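*Asks:* From first to last, the protein sequence lines stand for chains A, B and C. For the first sequence, the positions run 0 to 157 when numbering that gives the first Met the number 0 is used. For the second sequence, the positions run 0 to 687 when numbering that gives the first Met the number 0 is used. For the third sequence, the positions run 0 to 288 when numbering that gives the first Met the number 0 is used. Here a beta-carbon is modelled for each residue, glycine too, at the ideal position from N, C-alpha and C. Since this is a predicted model, take the numbers as computed values, not measurements.
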Amino acid sequence: MKLSFTLNHQLVSVDAPASQRLSDLLHDTLQIHSIHPSCYRGECGNCAVILNGELAFSCILPVFAADKGEIITYEGLRDSEEYEDIMKGLREEKAFPCSYCLPSKVVIIKSILENSLDPSTQEIFETFSGTSCPCTNFHNLARGVKRAGFHRRSRLHE
Amino acid sequence: MEHELPFIDQLNSPEMLHVRILRSEIPRGRIESIIREGVPKKVIVAGAHEIPGANRIRILGDEMPLLSNGDIRYEGEPVLLIAAQEKELLDKAERQIRISYETDFSLLAFNPSSPEQVVDSQQLKVGNPNRNFGKESQIIEAEYRTSVETHISRAPLGAYTYLEKGRIVVHTPTHWPMHVRSAVSTVTGVEPSEVKVIQTNPSPAYGEKVLFPSILASMAALVTKLTGLPSRLLLSPYEVERLTTRKPPVEVKRTSILNNKGDLLAEKVHLRFDVGAYPFFTGELLTRALISTGSFYRIPHFSISAEAIRTSSPPMNLYRGLGVSQSMFSTEVHFSRLAEFSQLNPGDWKKQHAENRHIITGADLPTMPLSQLLDQVIEESDFYRKHSSYELIRKRRNSIKASRRSFRGIGIASGFTGNGFTEKPRGKHPWSIKAVLDRRDKLSIYCGTMTIPGAIKELWKRKAGEILSIPVESIQIAEGNTDLLPDSGPMMLAMPVSVYTTLVERCCNHIRKQRFHNPLPIEVVRTIPAPRKNVWDREKKQGTPFHAFSWGAVVTEVELDPLNLEPEIRGVWASFDCGQVYDTQYAVSIAEGSIYESLAWAMGEERVIPRYNPDYTIEERNPLQMRLPPVSINFQNTTRGIPGGINEIAESLVPAAFVTALSQAAGVYFDQIPLTARIIQSYLEEPA
Amino acid sequence: MNRTKVFQPEGLSELLRTYQKYPEALLWAGGTALAREDRGGGDFDLPGMIIDIAGVPELQRISRTERYFEIGAGVSISRILKVGQHVLPKVFTQSLRYISHPAIRNRGTLGGNLCHLPRRLNTFGPLTILDARLELRRLGKSRWIQVPRLFSKTGELTLQEGEIVSRVRIPFVEWNMQFFQKLGDPFQRPKSSLTFSALGDVKKGELTDVRVAISFIGKSFLRDRELETLITGRKVPLSDKTRGEARSIFRASLMDLPGEVTLFQKERSQRLMQWFLSALHVPPSELFY
Chain A
0 MKLSFTLNHQ LVSVDAPASQ RLSDLLHDTL QIHSIHPSCY RGECGNCAVI
50 LNGELAFSCI LPVFAADKGE IITYEGLRDS EEYEDIMKGL REEKAFPCSY
100 CLPSKVVIIK SILENSLDPS TQEIFETFSG TSCPCTNFHN LARGVKRAGF
150 HRRSRLHE
Chain B
0 MEHELPFIDQ LNSPEMLHVR ILRSEIPRGR IESIIREGVP KKVIVAGAHE
50 IPGANRIRIL GDEMPLLSNG DIRYEGEPVL LIAAQEKELL DKAERQIRIS
100 YETDFSLLAF NPSSPEQVVD SQQLKVGNPN RNFGKESQII EAEYRTSVET
150 HISRAPLGAY TYLEKGRIVV HTPTHWPMHV RSAVSTVTGV EPSEVKVIQT
200 NPSPAYGEKV LFPSILASMA ALVTKLTGLP SRLLLSPYEV ERLTTRKPPV
250 EVKRTSILNN KGDLLAEKVH LRFDVGAYPF FTGELLTRAL ISTGSFYRIP
300 HFSISAEAIR TSSPPMNLYR GLGVSQSMFS TEVHFSRLAE FSQLNPGDWK
350 KQHAENRHII TGADLPTMPL SQLLDQVIEE SDFYRKHSSY ELIRKRRNSI
400 KASRRSFRGI GIASGFTGNG FTEKPRGKHP WSIKAVLDRR DKLSIYCGTM
450 TIPGAIKELW KRKAGEILSI PVESIQIAEG NTDLLPDSGP MMLAMPVSVY
500 TTLVERCCNH IRKQRFHNPL PIEVVRTIPA PRKNVWDREK KQGTPFHAFS
550 WGAVVTEVEL DPLNLEPEIR GVWASFDCGQ VYDTQYAVSI AEGSIYESLA
600 WAMGEERVIP RYNPDYTIEE RNPLQMRLPP VSINFQNTTR GIPGGINEIA
650 ESLVPAAFVT ALSQAAGVYF DQIPLTARII QSYLEEPA
Chain C
0 MNRTKVFQPE GLSELLRTYQ KYPEALLWAG GTALAREDRG GGDFDLPGMI
50 IDIAGVPELQ RISRTERYFE IGAGVSISRI LKVGQHVLPK VFTQSLRYIS
100 HPAIRNRGTL GGNLCHLPRR LNTFGPLTIL DARLELRRLG KSRWIQVPRL
150 FSKTGELTLQ EGEIVSRVRI PFVEWNMQFF QKLGDPFQRP KSSLTFSALG
200 DVKKGELTDV RVAISFIGKS FLRDRELETL ITGRKVPLSD KTRGEARSIF
250 RASLMDLPGE VTLFQKERSQ RLMQWFLSAL HVPPSELFY
């Protein structure tokens, strides 16, 4: 089926089988390599994207879920100030996502900060509760997210 | 953040062939026939007969066929490779190819198994545990089991190969590039110098990146050799989870002989490892099992035997840690129980029975920090008070069924893991590290893998800078491929942080001595030494087996909800001595990740994540609270000694501490991992 | 190559017309539960036709009157929580909170959670005991049913051809005791998992109404009316004798469940029921009545 959607602020049109997973379309066809589809159960979070302003795990979405929508991936965040705030926050709190899960963690953190720039530990835990990667402990990660929120707030008030 | 290397699934080219493995559908038997009629012309099919070189993958003396030569030893064993530029053609080809089997229904089981299935056995003995200890002695027998554990790493695993000026170039997420080169050379029949291996990003990894990239690279390279085209083979998530490395199941039988005061007079232990259809590293596995089981305890008569059992399961056992956590589990749980016979709590029992200077192999170690570590976690967790309170409650209550309150327990475990191999690797090219100081006083360190964690690289630079009095900015860890880098062996068993760090120091010390006498550049190679027999006698299991030790003590407190029988971790307290630690916060992060992973294994979960605790209120709204087990970690003696690995010591101790804590909480002796609510229910005697 | 055809109606009429024409099509809301049943990689194993209801605005509405709350079947779980967290009954909102994690809740819908065929998911129990009703629409017709009537005794959907669930109506009734507990993950541990939903109303120390439902994460669902009748009208806390009788009744009901319910699930539900019967008491709000 023919689909069109905005990917990282650019309009994209593709022809893909309706049964294809959005994660595979993004990774294999559109060369979005920050997506690492692996569990295919919507759990590990390594395929996280922002779809229509909300966090979504693309491995459990068919391609038609993106039609006429807007997708933001890690690549679309990398050059933004938000990205800098997030990385700064993680560094300061010694949260060290590995290169495998860093992109998805950045996307997830972005979705948390969209809801609140001062998220509670509960909110952070909830959003990350499906995910796992042996590299990062959740306590440091939660502190890193709060720190990122702080930097974001500071920047917005400047 | 580390590793800017690409992931293997990012590499491709327009004319690339997708390679897929067709696997056996039976667990044991022979291939009767393979019919390839009707396969689309554009699909390449390759079986064992198409292999120009040798049909084998060999690693440290053990080997397996790359593709089945007719025998089938496990379900999922590779039989054929198919390759095409379009994946739809592969689907068609897969439907067309018919493989018929003659099934052998006599599977090689783990329990029971026959003597013919034993592929390796080892023994370690101190004193005479079989002697007669008199009528006053008590005999305690127990059995422990740990089940298979699959790794949660789902990083892409595969290989991408192509020809470049006649050479085969391989990209793969390997932790041993030289082995990939050797394997590809063997299978394709070309000289090793005609193969170049470039690493892709291997994160995260659990041991599967030591052997499986060599297998997959050989398969992809075979297709490239046969067709002249680039080829890429990527395993599916199912294949990665089920058909690559896993922690092998272990069964342990223990017999303890106590006197009438509860003192331990003798201990006999027998361990059995299920090593799957094609055993690898069994010698190292069993040696480490013996050492971990004997641990640091002072027991006058001790006999430990270990066997590796071949079964019809997919190959495993190249899992991180090589069997240590399973061995330590039975020792730590069992000795916690024996403490009851001496009227001691487990913490005191362990301290009383700890050797001050020796481990089971008689290694005379100047520092054995276990008492210090035990004291630390005992104090921090308030272990003594909690243990006696929970013990009192356990003895007084009727049954879990009759109670509405949660029950608590606290457990303790301690021990060590070893860094580096116990055996010098066989083969003509020793594993080594190279360092070159050039004319501009810039130092390059060459290690066989580019995927050393950043913190370890920083440690090397700092040490090198100190030894040579040069700024760290003028030190680089060289990047490259197998054309440039030496063979430093597999990146496992804490080799990078421990063994390689020592070699880097040795290289730099040698350069320092030569520096003002010989012209620059100065190039030094240092190889991983084989310990002299008076240091480590591998046959007799006497001496110091490891390059360095990592020590630890862990306390875990558990609460068992009698309504849903789900254990909740109230806290984990850990104290480690892993030698020098360059970045303590990074080390704590690594340890914490390992602790959560091992808790997940112990509870039969895929992972430990923040989750809602049960909310037993039926009035006003209470917001559901997500909780994560609190973990407290500290490192001792971080400025001295050889740096040691952290992952393995953390994950080896937590399961035992968890199970003993849960046993106290539930009032039953659990003797296996994992423990899910359903399994806990089956241990409790009373039906509802 | 899979040739699934996807219809994407932009309004309810168009949806109903399409569904009437192609009643064999699979209705796709968020698809989260469907996707989680389809394990393993590769493309989804989809039927020949799909109707994607995400773009139908009538199914996205949330409205409120004095007597009830109405939620469109296509409203996401996240949105229901955002809007109704503090006004909807706790037994229902807890069941929503227990659904997976936000990335799933952002896509999953109430209709999808209710109508999932292979297993009764979180919301079925609470909506049953809340006496929620479902509006069923097909071209030119609509009707209302109670939630339990959505499935037959054998667990099949009782929707007629071309019929969809369009709205869920939850009445506003005060219950001073509400409880929801989910044990286990329905997709990873279906043989251990269950949900336990309960409502109780205590006035002047008397249990004037009580409802309990247990869903066993397959197609099995238990609401024990005999037990509810026994304890309704009794003083709380319940006497030992009453609790013993209630437990016996419940045990017998559990034994009548089909074989797909494991012994462990029965054991767990008995423990929870035992706790619930003991936990019934005069709530603080009634102490000064």
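1. With distances taken from CA atoms, which of A:Lys93, A:Ala47, A:Thr130 and A:Lys67 is nearest Leu25 (chain A)?
2. Answer with yes or no whether the minimum CB distance from Arg626 (chain B) to chain A is below 9 Å.
3. Lys460 (chain B) by DSSP, collapsed to three states: which one?
4. Buried or exposed: where does Arg396 (chain B) fall if 16 or more other Cβ atoms within 10 Å of its Cβ makes it buried?
5. Alpha carbons only, please: which of B:Asp363, B:Thr366, B:Leu372 and B:Ser324 is nearest the one belonging to Gly346 (chain B)?
6. Let me make sure I understand the geometry here. Which of B:Glu148, B:Met367 and B:Asp8 has the alpha-carbon closest to that of Gln689 (chain B)?
7. In chain order, what residues of the stretch 216 to 241 of chain B put their CB closer than 7 Å to some CB of chain A?
8. Tell me whether Ile510 (chain B) sits in a helix, a strand or coil according to DSSP, three-state version.
9. Give the DSSP-derived three-state secondary structure of Glu225 (chain C) in the structure shown.
10. For a contact meaning CB atoms closer than 8 Å, what does Tyr585 (chain B) contact in chain A?
11. Exposed or buried, Asp8 (chain B), counting other C-beta atoms within 10 Å across all chains shown (16 or more means buried)?
12. To the nearest angstrom, report how far apart Val571 (chain B) and Glu605 (chain B) are at their CA atoms.
13. Flag Ile568 (chain B) as yes if its beta-carbon sits less than 9 Å from any beta-carbon of chain C, otherwise no.
14. In angstroms, rounded to a whole number, what distance separates the CA positions of Gly73 (chain C) and Ala53 (chain C)?
15. Residues of chain B with CB under 9 Å from Gly107 (chain C), in chain order?
16. Would you kindly report the start and end of the unbroken alpha helix (DSSP H) that includes Pro212 (chain B)?
17. Assuming Pro133 (chain A) and Pro203 (chain B) are in contact, meaning their beta carbons sit under 8 Å apart, how far apart are those beta carbons, in whole angstroms?
18. With a threshold of 9 Å between beta carbons, is Ala687 (chain B) in contact with chain C?
19. Between the Cα of Met218 (chain B) and those of B:Glu250, B:Pro191 and B:Ser184, spot the shortest distance and give me the residue it belongs to.
20. Just to confirm the assignment, what range does the alpha helix (DSSP H) spanning Glu244 (chain C) have?
21. Residues bridged to Gly542 (chain B) by DSSP?
22. For my contact list, Arg16 (chain C) and Leu149 (chain C) are in at a C-beta cut-off of 8 Å; report their separation, rounded to the angstrom.
23. Find the residues of chain C that neighbour Ala65 (chain A), judging by a C-beta separation of less than 9 Å, and give them in chain order.
24. Locate the alpha helix (DSSP H) running through Gln93 (chain C), then write down its first and last residues.
25. Buried or exposed for Arg250 (chain C), please, with buried defined as at least 16 other CB atoms from any protein chain shown within 10 angstroms of its CB.
26. Is it a yes or a no for the stretch 230 to 244 of chain B touching the stretch 186 to 199 of chain B, going by three-plus beta-carbon pairs under 8 Å?
27. If you measure between the beta carbons of Ala17 (chain A) and Val5 (chain C), is that distance less than 9 Å?
28. What's the C-alpha gap between Asp103 (chain B) and Arg27 (chain B)?
29. Let me see if you follow: with CB-CB separation under 9 Å, is Arg511 (chain B) close to chain F or not?
30. What's the gap between the Cα of Pro172 (chain B) and the Cα of Val90 (chain C)?
31. So, for Asn54 (chain B): in the same chain, excluding its five sequence neighbours on each side, which residues have a beta-carbon less than 7 Å away from its beta-carbon?
32. Run through DSSP, which three-state label would Gln19 (chain C) get?
33. Which class does Ala15 (chain A) belong to by DSSP, given the choice of helix, strand or coil?
34. Does any residue of chain A have a CB that is nearer than 9 Å to the CB of Ala24 (chain C)?
35. Going by beta-carbon coordinates alone, are Lys267 (chain B) and Asn110 (chain B) separated by less than 9 Å?
36. Would you report the Cα separation of Glu678 (chain B) and Gln269 (chain C), rounded to the nearest angstrom?
*Replies:* Here's the rundown:
1. Per the Cα distances, A:Ala47.
2. Answer yes: the Cβ-Cβ gap between Arg626 (chain B) and chain A drops below 9 Å somewhere.
3. Collapsing the DSSP output to three states places Lys460 (chain B) in a helix.
4. With fewer than 16 other CB atoms across the displayed protein chains lying within 10 angstroms of its CB, Arg396 (chain B) is exposed.
5. When only C-alpha atoms are compared, the closest one is B:Leu372.
6. Absent from the model: residue 689 (chain B). The displayed extent of chain B is 0 to 687, so no value can be given.
7. Correct list: Pro236.
8. Correct three-state label for Ile510 (chain B): helix.
9. Glu225 (chain C) falls in the helix class under three-state DSSP.
10. Counting only Cβ-Cβ distances below 8 Å, Tyr585 (chain B) has contacts in chain A at Lys93 and Phe95, in chain order.
11. Buried, since its Cβ has 16 or more Cβ neighbours within 10 Å.
12. For Val571 (chain B) and Glu605 (chain B), the gap between their C-alpha atoms comes out near 19 Å.
13. Put simply, the CB of Ile568 (chain B) is far from chain C, with every gap to its CB atoms at 9 Å or more.
14. Between Gly73 (chain C) and Ala53 (chain C), the C-alpha separation is close to 7 Å.
15. Simply none; closest approach about 17 Å.
16. Boundaries of the alpha helix (DSSP H) harbouring Pro212 (chain B): Glu207 to Thr226, taken from the DSSP string.
17. The pair is a contact, with the Cβ atoms about 5 Å apart (cut-off 8 Å).
18. Per-residue confidence for Ala687 (chain B) stands at a pLDDT of 43, beneath the threshold of 50, marking its modelled position as unreliable; no derived number is given.
19. Of the residues B:Glu250, B:Pro191 and B:Ser184, the one whose Cα lies closest to the Cα of Met218 (chain B) is B:Ser184.
20. Secondary structure note for Glu244 (chain C): its alpha helix (DSSP H) is the uninterrupted segment Asp239 to Met254.
21. In DSSP, Gly542 (chain B) forms a bridge with B:Gly361 and B:Trp535.
22. The beta-carbon separation of Arg16 (chain C) and Leu149 (chain C), rounded to 23 Å, does not stay under the 8 Å limit for a contact.
23. Simply none; closest approach about 11 Å.
24. Gln93 (chain C): member of the alpha helix (DSSP H) spanning Lys89 to Arg96, first to last residue.
25. Around the Cβ of Arg250 (chain C), a 10 Å sphere holds fewer than 16 other Cβ atoms; the residue is exposed.
26. Look at the beta carbons and you see the stretch 230 to 244 of chain B not touching the stretch 186 to 199 of chain B: under three pairs across the two are nearer than 8 Å.
27. Closer than 9 Å, so yes.
28. Spanning the two alpha carbons is a distance of roughly 5 Å.
29. Absent from the structure is chain F; the protein chains it does hold are A, B and C.
30. Spanning the two alpha carbons is a distance of roughly 49 Å.
31. Spatial neighbours of Asn54 (chain B) in its own chain (CB-CB distance under 7 Å, excluding positions within 5 residues in sequence) are listed in chain order as Ala47, Pro64, Leu65, Leu66 and Asn68.
32. Here Gln19 (chain C) carries a helix assignment [DSSP, helix/strand/coil].
33. DSSP places Ala15 (chain A) in coil when its eight states are reduced to three.
34. Not one chain A Cβ lies under 9 Å of Ala24 (chain C).
35. The Cβ atoms of Lys267 (chain B) and Asn110 (chain B) lie no closer than 9 Å to each other.
36. Residue 678 (chain B) is actually Ile in this sequence, not Glu. Across the structure, Ile678 (chain B) and Gln269 (chain C) are spaced so that their CA atoms are roughly 17 Å apart.
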